[in-house]
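Asker:
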Amino acid sequence: METLNVLFGLYITEEQTRKKQEDFQKHITSIEERIASWTVSLSREAIDREAANASLIEESVNIPIEERVKQIAETIDVNMVQRICRVSNNNDENTGETKEAGIGEIDGNIITSELPKLEECASNVQKGMLQFEHETFVEFQSQYFRPLEDALTKKTRPMMQNESTKSEKRQAATVRRFESHAGDVARGRHEEKARRIATLAAVERQVLDAASGDEKRASHFLEEVYAMKNMILKERRERQKQDAIIVDAIVRTQELMRKSVLESFGGSSV
Numbered sequence: 002m003e004t005l006n007v008l009f010g011l012y013i014t015e016e017q018t019r020k021k022q023e024d025f026q027k028h029i030t031s032i033e034e035r036i037a038s039w040t041v042s043l044s045r046e047a048i049d050r051e052a053a054n055a056s057l058i059e060e061s062v063n064i065p066i067e068e069r070v071k072q073i074a075e076t077i078d079v080n081m082v083q084r085i086c087r088v089s090n091n092n093d094e095n096t097g098e099t100k101e102a103g104i105g106e107i108d109g110n111i112i113t114s115e116l117p118k119l120e121e122c123a124s125n126v127q128k129g130m131l132q133f134e135h136e137t138f139v140e141f142q143s144q145y146f147r148p149l150e151d152a153l154t155k156k157t158r159p160m161m162q163n164e165s166t167k168s169e170k171r172q173a174a175t176v177r178r179f180e181s182h183a184g185d186v187a188r189g190r191h192e193e194k195a196r197r198i199a200t201l202a203a204v205e206r207q208v209l210d211a212a213s214g215d216e217k218r219a220s221h222f223l224e225e226v227y228a229m230k231n232m233i234l235k236e237r238r239e240r241q242k243q244d245a246i247i248v249d250a251i252v253r254t255q256e257l258m259r260k261s262v263l264e265s266f267g268g269s270s271v
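Convert by adding 1 to the 1-based position in the sequence shown; the result is the number in the numbering used here.
1. Closer than 8 Å is the cut-off here; do at least three beta carbon pairs connect the stretch 150–161 with the stretch 13–33?
2. Would you mind stating whether V36 and V186 have Cβ atoms separated by less than 7 Å?
3. Pick out whichever of R50, W39, I233 and L43 has its Cα sitting closest to the Cα of M160.
4. Thinking just about the alpha-carbon of each residue, which of Q207, R197 and E225 is nearest to the one in K21?
5. Since A53 and E169 should fall inside the 8 Å C-beta cutoff, what is the C-beta to C-beta distance between them, to a whole number of angstroms?
6. Take S44 as the anchor and find which of Q127, T175, Q17 and E120 has the nearest alpha-carbon.
7. Once the 5 residues before and after I29 are set aside, which same chain residues still bring their CB inside 7 Å of it?
8. From I48 to R177, what distance separates their C-alpha atoms?
Below is the structure:
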């Protein structure tokens, strides 16, 4: 009966362990689903952050630079290119007039008279280049580039720092949640392992106790069998002894009866 109780206890323990294993597996699956959801959220957040950074750079850097470059190009066109073009056109007109006046005949005196104009034109172009390099370009730097650099620095740097701070906070919060759930999973596994070890130890003790009890009962039963066997052997010996006495008495009685019968008939036939 005790063995049946132990077996039934083992069955109940096995069912409880199986149910705990299923619950633990469901918990692990739920955590994996949440981790997958966090991964998707992080991916979306990274995409949104990249889009926001691209929009920020486009609005704060690319568009202002394009506008400044356009303004600089217009200024260069007005202050230098058009001026050079006007000088070149004047030279072309003078050259055309010279050709028309000479009707294809170029005199050395005419070329000599045009050289000072060409030298003056080249000198003007050189002066314009030097003026552009040392005055106009410096003016561009102070009027366009430095204000643009200051504006970009003042506007973009705080926005980038703010976005970076928010991103770091979100990532830190996600990492903390992940570490918290990872700790819960680890603790759950350790607790489940400890429960299994304790349950197996209890079952092992029950089995050992049952086996020890069965061994004691078997030993006691064998002792009873041996005692009963000895008692039966003793009774058998006593019975054999009594049977021998009875047989001997019967033999003696028969002998006495035979003698008595013979004596009754006179013993003549002896």
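C-beta atoms are modelled at their ideal positions from N, C-alpha and C, and glycine is treated no differently.
Here the structure is a predicted model, which is why all the values come from computation and not from measurement.
Answerer: By the coordinates alone:
1. no
2. As a working note, residue 36 is residue 35 in the sequence shown. As a working note, residue 186 is residue 185 in the sequence shown. One point to set straight first is that residue 36 is Ile, not Val, in the sequence displayed. Cβ atoms of I36 and V186: not closer than 7 Å.
3. Along the sequence shown, read from residue 1 onward, the residue named residue 160 stands at position 159. It is R50 whose Cα lies nearest to the Cα of M160.
4. On the sequence shown, position 20 is the one that residue 21 refers to. Here the closest residue by C-alpha is R197.
5. Within the sequence shown, numbered from 1, the residue matching residue 53 stands at position 52. Within the sequence shown, numbered from 1, the residue matching residue 169 stands at position 168. Not a contact, Cβ separation roughly 15 Å.
6. Here residue 44 refers to the residue found at position 43 when the sequence shown is read from its first residue. Selected option, being the one with the closest Cα: T175.
7. The residue you call residue 29 lines up with position 28 of the sequence shown. Closer than 7 Å at the Cβ level, and outside the excluded window around I29, lie V186.
8. Taking the sequence shown and counting its residues from 1, the one referred to as residue 48 is at position 47. Taking the sequence shown and counting its residues from 1, the one referred to as residue 177 is at position 176. Between I48 and R177, the C-alpha separation is close to 22 Å.
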